[in-house]
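Asker: By the working numbering, the letter at position 460 of the sequence shown is numbered 1112, and the numbering carries on one by one without gaps. The structure is given below, and queries will be raised subsequently.
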Amino acid sequence: MMGLPLTFAQPLLLLGLLSLPLLWWLLRVMPPRPRRIEFPPTKLLFDIAPKEETPSRTPWWLTAIRLAAAALLIAAAAGPIWNPATGLGAGNAPLVILLDDGWSSAASWETRIKAADELIAKADNDRRGVALVALSEPQRDITLMPAGNARVALRQFSPKPWSAERVETLPAIERFLKATGDAEIAWLSDGTDTGRGSEFVESLSKAIGERALTIFEGAPAPLALAAAENAAAKMVVKVLRPAGGAAVGTVRAVDAKGSPVGEARFNFKDGDRETDASFDLPVELRNDIARLEIAGERSAGAVQLLDKRWRRRAVGVVSGATSDTAQPLLAANFYLARALSPFADVRLGERGSPQQAVAQFLDQKLPMIVMADVGTLSPEIRERLNAWIEQGGVLVRFAGPRLAQADDDLVPVKLRRGGRTLGGSLTWEKPQHLSTFAAEGPFAGLAVPKDITVNRQVLAEPDAALAAKTWAILEDGTPLVTGERRAKGVVSLFHVGADMRWSDLPMSGSFVEMLRRIVDMSGYTSTPGAGVAGEGAVEMVAPLRTLDGFGTFGPPPSSAKPMRADYRDRATPDHPPGLYGPAEGPIAVNTLASADRLAALDTSILRAQRATYTNAEPRDLRGMLLASALALFLVDAVIVALLGAGLAALLRRWRPASASLALALVFALTTSTPSQVRADSKDDFALRAVSQTRLAYVVTGNADVDAIVKAGMSGLTLFLAQRTALEAGDPIGVDPASDELAFFPLIYWPVMPDAPRPSQDTLNRIDAYMKQGGTVVFDTRDALEAPPGENGSSQTPGMMALRNILSSLDVPELEPVPREHVLTKTFYLLRDFPGRYTTGQTWVETLPRNEDDEAASRPAHGGDGVSPIIITSNDLAGAWALRPDGQPMLPVSGGDMRQREFAFRAGVNIVMYTLTGNYKADQVHVPALIERLGQ
């Protein structure tokens, strides 16, 4: 209503507001004045001042109060509802829910799931089938299902860490709509166009045709990171959004261990879709950054993972030419420093001999060294360079007069002595241009420049391996750049000089990109663009750890596939964002590529009803409006009494009665109202408890423990819905001292060592509950605190507190769960019942023994009942507790990776045991029964 979250159950009743002018006129009508007749004796009364005066007409403000009270009554009768539940119109057509579940939906995922759950609930009331369509999973079949199954399936959805390709789901949507016929469609949109959004909207409009469509909008715009660059003075990352007004935020930088490195602020102006966040940190700290994330934003797109490709590597440059000092602007060092400085920290060996500079760089353990026209090296330096290369160093050499005359094995190919001059007066050969880059080399994919001219070069001796070692080729087929891998390192050679004497390559923009590709290869073995010539195939790396849709690391999914080590694109379903390759040098894959940008999704061409997401619960305003109207009528009555002086007369005549009335009113307010509230609250509790099968837990009063236990019981409830036929309601916290316990088949009681002992009345209620068939699971949650020894588990603080509680209860004899107990086989076959811990024992009521034969197997349970008490110390609820994003709240202590799964299975067995009793008890005796029958 006018942009407000307000609707009316009976909006036609608002037409009654049109009668307010008539009511105003009626309230302002005056009776006719009496005729004035002069009577002389009354002149004596003129000097007497009257004590009471009656106005001739109603004051305007009193009329306004009455009109306001009338308007409130009319509005209350219309049934106003604040934050109404958004839904679709009533009908019998199936409901199709299109769910945006890419990374951009993660920030508002709970809001989206709540809206979908409300739609499914309405469809359930109308007995309509429901189809869920995840727009990031085009391979998933679209099928109609009952609303109950759809609700369970909805909880299994989670945001994907890659961009949803909505267009790819269109064929499946079209096939389903053609097969189904009439249908009502709801699109839970995230409002973000990550690519091909307009194409999807146009095709969806054609596929839907005349069917009803409702688009849910209004979710907060997602934020994302892309194009991180470790520049010379600072690290810069782009912060993206589809649209919005002015906003500020913070980007955090953390290292590989999760420790904070720094923070950077970003500021969006009104209408901006991208801005920058800059980290002004020393290069050593910037090189330690492994992850950038937007504070307060939970999505894979808000995370930028950095590997060694983003490290600003230190590169040592050594020149053997003597002209570097005399003419610095023409020297090889000048061109190399300018080309390397945008992406590396250049360290020049300007003092001492080239060999001293090389030794200094080796001592500093630089990942890459560039040697321009350095000829002969001493055997010691040659050995150190070879060892450095084998450990992963990258050596880049440039030709020159000295190298052309030297015999050197620190080059990838064998060289001919002397140089080759092109275009001189004594040669027929013309200067050569660059022809192509090798497809298997690190320069693959670069545009071939046409402005590079080579006037002189050093030639390689032809051999069978020369072609495999060539990275760049001239038009005459001779190599311009060659390279090879040696152990973990790389040796490469530019067959021209690093200055302008032999070619104009150093003046080309391609020179910078070629050096960038080589720098990317330094510092780790899994090199992007592995294409070091000489290798037949590009290295493939397997996923190590991947991000989920909320930006949290986890094990890679089964659908993740190995990728090429030179992969630089955005994440896909086959290659989800995360780290790939060896743990000591992983390669990062991010949700967005450097060139990706976000835009608002335009759905204006769709003929659709618009709805908004809401986080607030619907609120009926009738009670508040009626109370306000009653208050105004009371004010009106008081004002009328004061104006007419009737209140004073009434008080004079009925002072005793008024005092009695006031006392009665106070008594009613202090006694009747609270009891009514308590009665209503008890009725609501009972209705909620019996509306569905629910698990219960005892509220301890410790906020942290209660939050974990509630999350644990909710996690177990969800697991039950996913694995069994039980669709239980949300768990309820109970107070054994006041709440009715008979509604619940199972109550989980976390024992607090420092909690006071319950009152005897409370213990009596617990005892009655267990006697009437209920089961209480007492969990001391302190298995790790048990001292060593045979009876150590019974000496923990939690167990001592539990003994204090059980001392006044009629508890049967207990024993550890035997292997033949029905609790071990009610749903899953289990041997023990782990939680967060595995060392604690689980105790139940002792099974009756066969007195005649101690070795005989015992029945699954004596009688038809269920053990009224189960005791454990393994912290079951802690293992079941899940965060809203589906991740565990607390770690488990055992070394078995499946411990949490077995903890959930133990919970399923306990719940099924309390619900079914001896359902499987008789099955244990099947062999004995068959033997008795002689079969």
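Glycine included, every Cβ here is placed at the ideal spot set by N, Cα and C. As the structure is a prediction and not an experimental result, all values here were calculated from the model.
In chain order, which beta strand (DSSP E) runs of at least 3 residues are fully inside the stretch 919–962?
Answerer: 926–931, 941–946, 955–957
Asker: Confirm, please, whether the CB-CB distance from E851 to V819 is below 8 Å.
Answerer: Contact flag set, yes.
Asker: Between the Cα of F1089 and the Cα atoms of D1431, P1131, L1118, which residue gives the shortest distance?
Answerer: Of D1431, P1131, L1118, the residue nearest in Cα terms is P1131.
Asker: Measuring alpha carbon to alpha carbon, tell me which of M1541, Q1551, E1553, F1479 ends up nearest G1569.
Answerer: F1479
Asker: Going by DSSP, what residue range makes up the alpha helix (DSSP H) through I825?
Answerer: Taken as a continuous stretch (DSSP letters only), the alpha helix (DSSP H) holding I825 covers 822–832.
Asker: For my contact list, D753 and L787 are in at a C-beta cut-off of 8 Å; report their separation, rounded to the angstrom.
Answerer: 6 Å
Asker: Using 8 Å as the threshold, is the C-beta distance between A824 and P798 below it?
Answerer: no
Asker: Going by the beta-carbon positions, is the gap between A878 and D1218 smaller than 8 Å?
Answerer: Inclusion of A878 and D1218 in the CB contact set at 8 Å is not warranted, their separation being larger than that value.
Asker: Between M1541 and L1458, what straight-line distance do the alpha-carbon atoms span, to the nearest angstrom?
Answerer: 30 Å
Asker: Indicate whether A899 and A954 have their beta-carbon atoms separated by less than 8 Å.
Answerer: no
Asker: Roughly how many angstroms lie between the CA atoms of Y1400 and R1550, to the nearest whole one?
Answerer: 23 Å
Asker: Give me the residue from V1010, S993, N939, S1144 with the minimum Cα distance to V970.
Answerer: V1010
Asker: Could you name the residues of the same chain whose beta carbon sits closer than 7 Å to that of D1462, not counting the 5 residues immediately before and after it, in chain order?
Answerer: D1419
Asker: One question on the structure: do R893 and L1398 come within less than 8 Å of each other, judged by their Cβ atoms?
Answerer: no
Asker: Could you give the residue range of the beta strand (DSSP E) that holds K890?
Answerer: Unbroken beta strand (DSSP E) run through K890: 887–892.
Asker: What number of angstroms, rounded off, separates the C-alpha of A1338 from the C-alpha of V1350?
Answerer: 16 Å
Asker: May I have the straight-line CA-CA distance separating R965 from G896, to the nearest angstrom?
Answerer: 38 Å
Asker: Between V1106 and G1141, what straight-line distance do the alpha-carbon atoms span, to the nearest angstrom?
Answerer: 28 Å
Asker: For G1201 versus K766, is the C-beta distance shorter than 8 Å?
Answerer: no
Asker: What residues match up with E915 in a beta bridge as DSSP calls it?
Answerer: R904
Asker: On the three-pair Cβ rule with 8 Å, is the stretch 1517–1530 touching the stretch 1427–1435?
Answerer: Yes: the two stretches touch, three or more of their Cβ pairs being nearer than 8 Å.
Asker: Please return the same chain residues whose Cβ sits closer than 8 Å to the Cβ of G1001, not counting the five positions on each side in sequence.
Answerer: G968, V969, V970, S971, Q1008, A1009, V1010, Q1012, F1013
Asker: At the level of alpha carbons, what is the spacing between L670 and E869?
Answerer: Distance between the alpha carbons of L670 and E869 is about 35 Å.
Asker: Look at P1229 and T1255 and say whether their C-beta atoms are less than 8 Å apart.
Answerer: no
Asker: Taking the Cβ atom as the reference point for each residue, do I1257 and S857 lie within a distance shorter than 8 Å?
Answerer: yes
Asker: Contact between the stretch 1273–1285 and the stretch 717–731: three or more CB pairs below 8 Å?
Answerer: Because the criterion of three Cβ pairs below 8 Å is met, the stretch 1273–1285 and the stretch 717–731 touch.
Asker: Do A1260 and I867 come within 8 Å of each other at the CB atom, strictly closer than that value?
Answerer: yes
Asker: So the beta strand (DSSP E) Y1265 belongs to, where does it begin and stop?
Answerer: It is not in any beta strand (DSSP E) - Y1265 carries neither H nor E in the DSSP assignment.
Asker: Y1176 to W761, Cα distance in whole Å?
Answerer: Here the model assigns Y1176 a pLDDT of 43, short of 50, so the residue's position is not dependable and the matter cannot be decided.
Asker: Run the CB neighbour count on N985, radius 10 Å, all protein chains shown included, and call it buried at 16 or more, exposed below.
Answerer: By the Cβ-count criterion, N985 is buried, with 16 or more other Cβ atoms from all chains shown falling within 10 Å of its own Cβ.
Asker: Please identify the residue among P934, I837, A1240, A929 whose C-alpha is closest to the C-alpha of A884.
Answerer: Comparing Cα-Cα distances from A884 to each of P934, I837, A1240, A929, the minimum goes to P934.
Asker: Helix, strand or coil: which one does DSSP assign to I1104?
Answerer: coil
Asker: Provide the residue span of the alpha helix (DSSP H) that contains G1364, from first to last.
Answerer: 1355–1375
Asker: Tell me the rounded alpha-carbon separation between W1154 and N919.
Answerer: Taking the straight line from one Cα to the other gives about 49 Å.
Asker: According to DSSP, simplified to helix, strand and coil, what is E762?
Answerer: Look at E762 here: in three-state DSSP terms it is helix.
Asker: Applying the 10 Å Cβ sphere with the 16-neighbour rule, what's the burial state of V1171?
Answerer: buried
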